[in-house]
């Protein structure tokens, strides 16, 4: 969970946006508000998660001898 704000929020006056999902510090991400409270919002990041690196496994190849 990230503590964020949207463009219309002042840092010392308004509440925060609790952002769930993928994000990096100091970047702008598209998000969808999923819940609102008195002064705060909860939002879900619309950025897809990064692709996982797959580990390449070289299978052992055995030579078949003719029967």
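Numbering (our numbering), first residue to last: 1 to 67.
Even glycine gets a Cβ: it sits at the ideal position worked out from N, Cα and C.
{"Asked": "Decide if residue 41 is buried, meaning its Cβ has at least 16 other Cβ atoms within 10 Å, or exposed.", "Found": "buried"}
{"Asked": "Taking all protein chains shown into account, decide if residue 7 is buried (16 or more other Cβ within 10 angstroms of its Cβ) or exposed.", "Found": "exposed"}
{"Asked": "My guess is that residue 73 and residue 34 are in contact by the Cβ rule of under 8 Å, so how many angstroms apart are they, rounded?", "Found": "Beyond the ends of the chain as shown, which are 1 and 67, falls residue 73; an answer cannot be given."}
{"Asked": "Comparing C-alpha positions only, which one of 37, 39, 20 and 54 sits nearest to residue 31?", "Found": "20"}
{"Asked": "Do you know offhand how far residue 14's Cα is from residue 39's?", "Found": "7 Å"}
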